[in-house]
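Asker: Residue numbers (our numbering): 30 to 187.
Even glycine gets a Cβ: it sits at the ideal position worked out from N, Cα and C.
This structure is a prediction, so every number in the text was calculated from the model and none was measured.
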Ligand code: SF4
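1. Give me the DSSP bridge partner(s) of residue 188.
2. In whole angstroms, give me the CA-to-CA distance for residue 131 and residue 95.
3. By a C-beta neighbour count over all protein chains shown, 10 Å radius and 16 as the cutoff for buried, is residue 138 buried or exposed?
4. Name the DSSP bridge partner or partners of residue 83?
5. Please report the distance separating the alpha-carbon of residue 122 from that of residue 72.
6. Less than 8 Å between the C-beta atoms of residue 45 and residue 81, yes or no?
7. Does the Cβ of residue 174 have 16 or more other Cβ atoms within 10 Å, making it buried, or fewer, making it exposed?
8. Quick check on residue 45: does DSSP put it in helix, strand or coil?
9. With a 10 Å radius around its C-beta and 16 neighbouring C-beta atoms as the bar for buried, classify residue 146 as buried or exposed.
10. Between the C-alpha atoms of residue 58 and residue 34, what's the straight-line distance to the nearest angstrom?
11. Measuring alpha carbon to alpha carbon, tell me which residue in 40, 98, 93 is nearest residue 66.
12. If the criterion is Cβ atoms closer than 8 Å, does the pair residue 124 and residue 154 meet it?
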């Protein structure tokens with residue numbers, strides 16, 4: 030079984046403004062697991078750095094109103110295609126990203142306002158039946174430990 034993790038949480042400098050969201054808790058939690066690092070925005074062909082985007086009325090847009098929805102969704106779909114057939118145990122994604130966000134996203138006004146919702150990649154994983162968490166779920170102990178032990182047991186069996 031494999032685990033999908035937002036690459037920026039693992040220290041990959043793929044954030045829209047450059048740099049990473051390195052999360053030591055995530056790195057230590059997935060140590061020894063079969064990790065698939067992903068960045069749907071880089072998979073979409075976007076450069077680093079790149080203009081920020083948010084979700085407005087269900088579509089990914091830039092602050093100047095440029096609709097980036099198809100491009101960003103294509104990146105997410107590309108990763109879904111790449112992981113097709115893989116036995117994915119769960120995913121840990123970056124909170125509130127318009128692609129990776131799991132529980133909340135920003136509301137499209139670029140004012141830092143959070144609303145319940147999910148990023149387009151997180152939504153695709155959920156639709157595929159893959160349990161999806163963010164780094165805050167991990168820090169708060171909201172990732173069921175039996176997921177971890179199932180993963181570790183699977184490792185031992187292999
Ligand atoms: Fe991180 Fe996801 Fe944004 Fe890539 S798309 S920088 S993995 S939050």
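Answerer: Straight from the coordinates:
1. Examination of residue 188 is not possible in this model, given that the chain is present from 30 through 187 alone.
2. For the purposes of this step, residue 131 is taken as residue 102 along the chain shown, with counting starting at 1. For the purposes of this step, residue 95 is taken as residue 66 along the chain shown, with counting starting at 1. Going by the C-alpha atoms only, they are around 24 Å apart.
3. Your numbering for residue 138 matches position 109 in the chain shown. Looking at its Cβ environment, which holds fewer than 16 other Cβ atoms inside 10 Å, residue 138 is exposed.
4. Indexing the chain shown from 1 puts residue 83 at position 54. Paired residues: 90.
5. The sequence position of residue 122 within the chain shown is 93, counting from 1. The sequence position of residue 72 within the chain shown is 43, counting from 1. About 15 Å.
6. As a first step, residue 45 must be located in the chain shown, where it is residue number 16. As a first step, residue 81 must be located in the chain shown, where it is residue number 52. Yes, Cβ-Cβ distance for residue 45 and residue 81 is below 8 Å.
7. Residue numbering aside, residue 174 sits at position 145 when the chain shown is read from its first letter. Exposed is the call here.
8. Here residue 45 corresponds to residue number 16 of the chain shown, with the count starting at 1. Residue 45: coil per DSSP, three-state reduction.
9. Here residue 146 corresponds to residue number 117 of the chain shown, with the count starting at 1. So residue 146 counts as buried.
10. Residue 58 sits at position 29 when you count from the first residue of the chain shown. Residue 34 sits at position 5 when you count from the first residue of the chain shown. Going by the C-alpha atoms only, they are around 11 Å apart.
11. Residue mapping note: residue 66 aligns to position 37 of the chain shown, counting from 1. When only C-alpha atoms are compared, the closest one is 40.
12. Stepping through the chain shown from its first residue, residue 124 is reached at position 95. Stepping through the chain shown from its first residue, residue 154 is reached at position 125. No.
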